[in-house]
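A.B. asks:
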Amino acid sequence: METQELQREIRRLKEEKNAVILAHYYQRPEVQDIADFVGDSLELSREAATAPHNIILFCGVTFMAEIAKTISPQKTVLIPYPGAGCILADMAFPKEIEEAKGRHPRAKVIAYVNTHAQVKAMADIICTSANAREVMEKTPGDEIIFLPDRNLGAYHARSLKGKRVILWNGYCPVHQTITLQTIEMVKEKHPQALVVVHPECPPEVTERADFVGSTSQLVRFVEESDAQSFIVGTEEGTLHQMRKKAPEKELLLPDPVPLCHQMKMITLERVHKALKDEVYRVEVEEDIRRKAEKAIRKMLELR
Ligand code: SF4
Numbered sequence: 033m034e035t036q037e038l039q040r041e042i043r044r045l046k047e048e049k050n051a052v053i054l055a056h057y058y059q060r061p062e063v064q065d066i067a068d069f070v071g072d073s074l075e076l077s078r079e080a081a082t083a084p085h086n087i088i089l090f091c092g093v094t095f096m097a098e099i100a101k102t103i104s105p106q107k108t109v110l111i112p113y114p115g116a117g118c119i120l121a122d123m124a125f126p127k128e129i130e131e132a133k134g135r136h137p138r139a140k141v142i143a144y145v146n147t148h149a150q151v152k153a154m155a156d157i158i159c160t161s162a163n164a165r166e167v168m169e170k171t172p173g174d175e176i177i178f179l180p181d182r183n184l185g186a187y188h189a190r191s192l193k194g195k196r197v198i199l200w201n202g203y204c205p206v207h208q209t210i211t212l213q214t215i216e217m218v219k220e221k222h223p224q225a226l227v228v229v230h231p232e233c234p235p236e237v238t239e240r241a242d243f244v245g246s247t248s249q250l251v252r253f254v255e256e257s258d259a260q261s262f263i264v265g266t267e268e269g270t271l272h273q274m275r276k277k278a279p280e281k282e283l284l285l286p287d288p289v290p291l292c293h294q295m296k297m298i299t300l301e302r303v304h305k306a307l308k309d310e311v312y313r314v315e316v317e318e319d320i321r322r323k324a325e326k327a328i329r330k331m332l333e334l335r
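When you read off a place in the sequence shown, starting at 1, and then add 32, the result is the number in our numbering.
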């Protein structure tokens, strides 16, 4: 089927089955275009928690679909390609966390949303890149184990007062490829461009940036800023919404282009099959689900 025909058929199936399609900013443009809601992890978690539909079709990586199932266990949650994992989430496992807790018994565990459900179940609270700072500040006690993204943790720990932050040694390989050198190479040719980056980028990049924020915060910044030109330090899919919201702005990417191959595993063909056949169902073991839900809801209740 051609792209438009597939999109039409997906929209028809969506109505017929009372399904909602949630898509992350890093999805392919044609997938974002059939979604009911495009957002970052925090926004998508909130949307999944309140969606009145029978079926949630999640266009993203597996941990995101797991969150939807964790907070809406009565609903059918589908992911079009169950092999779409997150390499960062694969950097923290329960046994290592148990050991870290043993070494730091007073510390509260803050798990970034990019973790498996078993890891969330061991955390005191979850955070996303949009609210990590707030979660760190509001978590009681003076010691935090922050996992798994060392760059996001270090970015906020720099200015956090009165708390010791123990950083995990994980990182997102996509944002790790964004270096000071690759940013400066673009800046040399476009000296007027503002540098806007995601906090998963290495510390020397976030220090150099004019603005640091989650994907939705970056989209909003580009849309609302008076500047005309931006060097964008995050996954390239984000530019699709930036172009829609601010078509007159110049958007530049570092070379190599930051691209998450896991996110791009979700294609229109797979979305179509997922809706038509109601596959692949996401399940989370009940004991883990209940514990993970508690940590996620603590985050969602923060205002
Ligand atoms: S961009 Fe990085 S953190 Fe996000 S899903 Fe891909 S590997 Fe995981």
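Glycine included, every Cβ here is placed at the ideal spot set by N, Cα and C.
Determine the extent of the beta strand (DSSP E) in which residue 250 is found, giving its start and end residues.
C.D. replies: From DSSP, residue 250 is part of no beta strand (DSSP E) but of the alpha helix (DSSP H) over 247 to 256.
A.B. asks: Is DSSP giving residue 117 helix, strand or coil here?
C.D. replies: Reduced to three states, the DSSP call for residue 117 is coil.
A.B. asks: Do residue 229 and residue 237 come within 8 Å of each other at the CB atom, strictly closer than that value?
C.D. replies: Contact flag set, yes.
A.B. asks: Does residue 229 come out as helix, strand or coil in the three-state DSSP assignment?
C.D. replies: Correct three-state label for residue 229: strand.
A.B. asks: In the structure shown, what three-state DSSP assignment does residue 28 receive?
C.D. replies: Absent from the model: residue 28. The displayed extent of the chain is 33 to 335, so no value can be given.
A.B. asks: Determine which residues share a DSSP beta bridge with residue 314 and list them.
C.D. replies: DSSP lists no partner for residue 314.
A.B. asks: Using alpha carbons as the reference points, say which of 265, 84, 186 and 314 lies closest to residue 213.
C.D. replies: Minimum Cα distance to residue 213 is reached at 265.
A.B. asks: Going straight from the alpha carbon of residue 200 to that of residue 234, what length do you get?
C.D. replies: So the two alpha carbons sit approximately 14 Å from each other.
A.B. asks: Just tell me which of 155, 313 and 255 has its CA closest to the CA of residue 331.
C.D. replies: Nearest C-alpha to residue 331: 155.
A.B. asks: So which residues put a beta carbon under 7 Å from any heavy atom of the ligand SF4, going in chain order?
C.D. replies: That query returns the following residues: 58, 93, 118, 119, 120, 121, 146, 204, 205, 206, 207, 232, 267, 292, 294 and 295.
A.B. asks: Among the residues of its own chain, which have a CB less than 8 Å from the CB of residue 30, if the five just before and after it don't count?
C.D. replies: The structure shown has nothing for residue 30, since the chain only spans 33 to 335.
A.B. asks: Helix, strand or coil: which one does DSSP assign to residue 138?
C.D. replies: Coil.
A.B. asks: In the DSSP assignment, find the beta strand (DSSP E) that holds residue 157 and state where it starts and stops.
C.D. replies: Residue 157 -> beta strand (DSSP E) spans 157 to 159.
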